[in-house]
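Q: Pasting a structure below so you can have a look.
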Ligand SMILES: Cc1ncc(COP(=O)(O)O)c(C=O)c1O
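Next up, the structure:
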């Protein structure tokens, strides 16, 4: 039996869950197409946030009183939800962080103690700045060398070059699961497997993947994986670092503070067990609980349905936009998600974005924190429209009309 | 004309526009028509790093007045630059230092001059004033 998953998403009904989607911008209905930067938050998640502050706000893991216990339980339940969702073996392999950037820095900092001069770190050519800078800093501290896995014009990694770069000197490989600027879905299974053959650890930045694909930690056999809640319908300022237990045990803590210690004297401190070793200080308790609620929300809609709906939106939008003369799409990988980065010949992305904004259409313009990609294509930046399961074909039409209008005004 | 008078004139011109479309069309025309800077000054040294559009500024003293030329790779930014230059160029450094930029708000282009908008214009104004300060000390 053939099931049409596109029909399984009732976008009009889903949109009602998102209060922000009914607001106006510049006198026009908001068309929100900047989902790759931050997704919107459904009422179900907002309710959880409000409920936390109205009913059981308290510090966790410390109090003997009822509120503290309730908050601790909810926080730990959220951790388990996230563990189940990403199929991690153990709940304490999920570390709550402030987001992907924080997660990456925990690993980069920790690796300082494992690396020596001449060791190599590989990163892909399509990384977000948050993925490049911590490794450069790590290399400066340790004398390790950063090497780049190149990509082709379509925005696909050159796997042959990757294999050549992998040697016994390689200690760490870094790659995003999905590129935020191009939408490319990288072949991470292969990347992980081949890195492991030379004994290198792998960190996959799942910030862009989590809204579209469920990464299965055990099946991927990945060493570290990162997610930001604000890209999966959750709140800002919270995310996760998944790490294999053996790695997290080896890795030194990143920040010192309360919650991460077992015993403290002025001579010596012993660290708490996982996950607390990496969760110094009072965490974003409400955020963690709401992150769990966001994962529930997305699962209730269903990732298979989401993927096929977004794929159809992507194809529709690609076709519509390519009808505009002079429009070029950057990132045409065979495997890609609902992100379209484009430019119009002779026009600056900032100008196009400014006019779209006046028309109520929210897109991102600029280098998308991925300057090396822009240098690769020799462009100052792109206009990026990124679609979520609550976007509609009508909104794609508004985008395409807006781009045409901008083009007529600007050329 | 004094900076304030020029700004008033610009505000008056813009008040004739009914909507953002007309304002933008005007700005885009300005952006397209003006040669704003001599190519030799479009150097990396003169670049103001705004996140998205590049902005170049060059300053030269003529008598007791400061002449600005500038450019950008984005047209709307260039249109705003044209307006800023009209207001600030060919003025005495002391007056430039004192001048405010509230008129940009009044002509409905506030969002482009928001300090959080990464287009280089805020840094450009800062740079204009820095030049004025530098030349003022030279004049003293
Ligand atoms: C691929 C990728 N990595 C990392 C980040 C940074 O995430 P955060 O700002 O939530 O730390 C982003 C967000 O834009 C991203 O798209």
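Residue numbers (the numbering used here), protein chains in the order written: chain S, 10 to 420; chain L, 561 to 700. Yeah, the Cβ is synthetic: ideal placement off N, Cα and C, and Gly gets one too. All values reported here derive from a predicted model rather than from experimental measurement.
Residues around ligand 1, please: the ones whose beta-carbon is closer than 5 angstroms to some heavy atom of it, in chain order.
A: 108/S, 109/S, 110/S, 137/S, 139/S, 185/S, 189/S, 214/S, 216/S, 217/S, 237/S
Q: At a cut of 8 angstroms, does the stretch 209 to 224 of chain S reach the stretch 272 to 279 of chain S through at least three beta carbon pairs?
A: The stretch 209 to 224 of chain S, when compared against the stretch 272 to 279 of chain S, does not touch it at the 8 angstroms Cβ threshold.
Q: Spatial neighbours of residue 701/L within its chain, please: CB distance less than 6 angstroms, with the 5 preceding and 5 following residues excluded, ordered by chain position.
A: What is shown of chain L runs 561 to 700, which leaves residue 701/L out entirely.
Q: Using a Cβ cut-off of 8 angstroms, which residues of the stretch 639 to 657 of chain L contact any Cβ in chain S, in chain order?
A: none
Q: By DSSP's criteria, residue 333/S is part of a beta bridge. Which residues make up the other side?
A: Position 324 of the first chain, counting from 1, holds the residue named residue 333/S. DSSP, once it has assigned bridges, lists no residue as partnering residue 333/S.
Q: Figure out for me which residue from 25/S, 345/S, 408/S has the closest Cα to the Cα of residue 192/S.
A: Taking the first residue of the first chain as position 1, residue 192/S is located at position 183. Per the Cα distances, 345/S.
Q: Examine chain S for any beta-carbon lying closer than 8 angstroms to the beta-carbon of residue 578/L, and answer yes or no.
A: For the purposes of this step, residue 578/L is taken as residue 18 along the second chain, with counting starting at 1. Output row for residue 578/L: interface = no.
Q: Under the DSSP definition of a beta bridge, which residues are partnered with residue 105/S?
A: Residue mapping note: residue 105/S aligns to position 96 of the first chain, counting from 1. Answer by DSSP bridge pairing, in chain order: 249/S.
Q: Of all the CB atoms in chain L, is at least one closer than 8 angstroms to the CB of residue 360/S?
A: Residue 360/S sits at position 351 when you count from the first residue of the first chain. For residue 360/S, the answer is yes, since a Cβ of chain L falls inside 8 angstroms of its Cβ.
Q: According to DSSP, is residue 38/S helix, strand or coil?
A: As a first step, residue 38/S must be located in the first chain, where it is residue number 29. Strand.
Q: Given 8 angstroms as the limit, is there contact between the stretch 301 to 309 of chain S and the stretch 50 to 70 of chain S, that is, 3 or more CB pairs closer than that?
A: A contact between stretches requires three or more CB pairs, one per stretch, nearer than 8 angstroms, and the stretch 301 to 309 of chain S meets this requirement with the stretch 50 to 70 of chain S.
Q: Tell me the DSSP secondary structure of residue 210/S in three-state form.
A: Numbered from its first residue, the first chain carries residue 210/S at position 201. Residue state, collapsed to three classes: strand.
Q: Can you pull the chain S neighbours of residue 582/L, defined as C-beta to C-beta under 8 angstroms?
A: Counting from 1 along the second chain, the entry for residue 582/L is found at position 22. Near residue 582/L there are no residues of chain S at all, since even the closest Cβ is about 11 angstroms away, more than 8 angstroms.
Q: Using a threshold of 8 angstroms, state whether the C-beta atoms of residue 260/S and residue 106/S are closer than that.
A: For the purposes of this step, residue 260/S is taken as residue 251 along the first chain, with counting starting at 1. For the purposes of this step, residue 106/S is taken as residue 97 along the first chain, with counting starting at 1. No; because the gap between Cβ atoms is not below 8 angstroms, this pair is not in contact.
Q: Looking at residue 163/S and residue 379/S, is the spacing between their C-beta atoms short of 8 angstroms?
A: In the first chain, counting from the first residue as 1, residue 379/S sits at position 370. In the first chain, counting from the first residue as 1, residue 163/S sits at position 154. No, these two residues do not count as a Cβ contact at 8 angstroms.
Q: Provide the residue span of the alpha helix (DSSP H) that contains residue 79/S, from first to last.
A: Along the first chain, one-based indexing puts residue 79/S at 70. Element bounds for residue 79/S: 75 to 94.
Q: Would you say residue 137/S faces chain L, with C-beta separation under 8 angstroms as the test?
A: On the first chain, residue 137/S is found 128 positions in, with the first residue counted as 1. For residue 137/S, the answer is no, since every Cβ of chain L falls outside 8 angstroms of its Cβ.
Q: Contact between the stretch 279 to 290 of chain S and the stretch 187 to 207 of chain S is defined here as three or more beta-carbon pairs at a separation below 8 angstroms; is this criterion met?
A: no
Q: May I ask which residues mark the beginning and end of the beta strand (DSSP E) holding residue 629/L?
A: Your numbering for residue 629/L matches position 69 in the second chain. It spans 625 to 632 - the beta strand (DSSP E) in which residue 629/L sits, taken as one unbroken run.
Q: Residue ranges of each beta strand (DSSP E) run of no fewer than 3 residues wholly in the stretch 130 to 180 of chain S, ordered along the chain?
A: Qualifying beta strand (DSSP E) stretches, in chain order: 154 to 158.
Q: In terms of alpha-carbon separation, which member of 639/L, 695/L, 581/L lies closest to residue 655/L?
A: Translated into positions along the second chain, residue 655/L becomes position 95. Ranking the options by Cα distance to residue 655/L, first place goes to 695/L.
Q: Where do the ends of the beta strand (DSSP E) carrying residue 617/L lie?
A: On the second chain, residue 617/L is found 57 positions in, with the first residue counted as 1. First-last of the beta strand (DSSP E) with residue 617/L: 615 to 622.
Q: Just to make sure I have the definition right: I need the residues of chain S whose C-beta is within less than 8 angstroms of the C-beta of residue 585/L. Which are they?
A: The sequence position of residue 585/L within the second chain is 25, counting from 1. Neighbours of residue 585/L in chain S, taken as residues at a C-beta separation under 8 angstroms, are given in chain order as 418.
Q: From residue 405/S to residue 349/S, what does the alpha carbon distance come to, in whole angstroms?
A: Numbered from its first residue, the first chain carries residue 405/S at position 396. Numbered from its first residue, the first chain carries residue 349/S at position 340. If I take the Cα positions, the gap works out to 11 angstroms.
Q: Anyone know if the C-beta pair for residue 94/S and residue 231/S falls short of 8 angstroms?
A: Locating residue 94/S in the first chain gives position 85, where the first residue counts as 1. Locating residue 231/S in the first chain gives position 222, where the first residue counts as 1. In this structure, residue 231/S does not lie closer than 8 angstroms to residue 94/S by Cβ.
Q: Suppose the cutoff is 8 angstroms on Cβ atoms and the five residues either side in sequence are ignored; what does the same chain contact list for residue 90/S look like?
A: Counted from its first residue, the first chain places residue 90/S at position 81. Only 301, 304, 305 meet the Cβ criterion.
Q: Name the chain S residues that come within less than 7 angstroms of residue 588/L, Cβ to Cβ?
A: As a first step, residue 588/L is located in the second chain; it is residue number 28 there, counting from the start. Here the neighbours are 418, 419.
Q: Residue 389/S CB to nearest chain L CB: under 8 angstroms?
A: As a position in the first chain, residue 389/S is number 380, starting the count at 1. Yes, because at least one Cβ of chain L sits closer than 8 angstroms to the Cβ of residue 389/S.
Q: List, in chain order, every chain S residue whose beta-carbon is nearer than 7 angstroms to that of residue 613/L.
A: As a position in the second chain, residue 613/L is number 53, starting the count at 1. Under the 7 angstroms cutoff, chain S gives 357, 359.
Q: Ends of the alpha helix (DSSP H) at residue 691/L?
A: To locate residue 691/L, count along the second chain from 1; it is residue 131. 681 to 699 is the span of the alpha helix (DSSP H), which, as asked, contains residue 691/L.
Q: Decide if residue 29/S is buried, meaning its Cβ has at least 16 other Cβ atoms within 10 Å, or exposed.
A: Against the first chain, residue 29/S aligns to sequence position 20. Residue 29/S is exposed by the Cβ-count criterion.
Q: Name the one or two DSSP bridge partners that residue 651/L has.
A: Numbered from its first residue, the second chain carries residue 651/L at position 91. Partner(s): 626/L.
Q: Spell out whether any CB of chain S is found under 8 angstroms from the CB atom of residue 717/L.
A: An answer regarding residue 717/L cannot be provided, because it is not within the stretch 561 to 700 covered by chain L.
Q: Terminal residues of the continuous beta strand (DSSP E) containing residue 593/L?
A: Here the question's residue 593/L lines up with position 33 in the second chain. Not the beta strand (DSSP E): residue 593/L falls in the alpha helix (DSSP H), residues 580 to 593.
Q: So, residue 287/S versus residue 134/S, is the Cβ gap smaller than 8 angstroms?
A: Along the first chain, one-based indexing puts residue 287/S at 278. Along the first chain, one-based indexing puts residue 134/S at 125. Going by C-beta atoms, residue 287/S is not nearer than 8 angstroms to residue 134/S.
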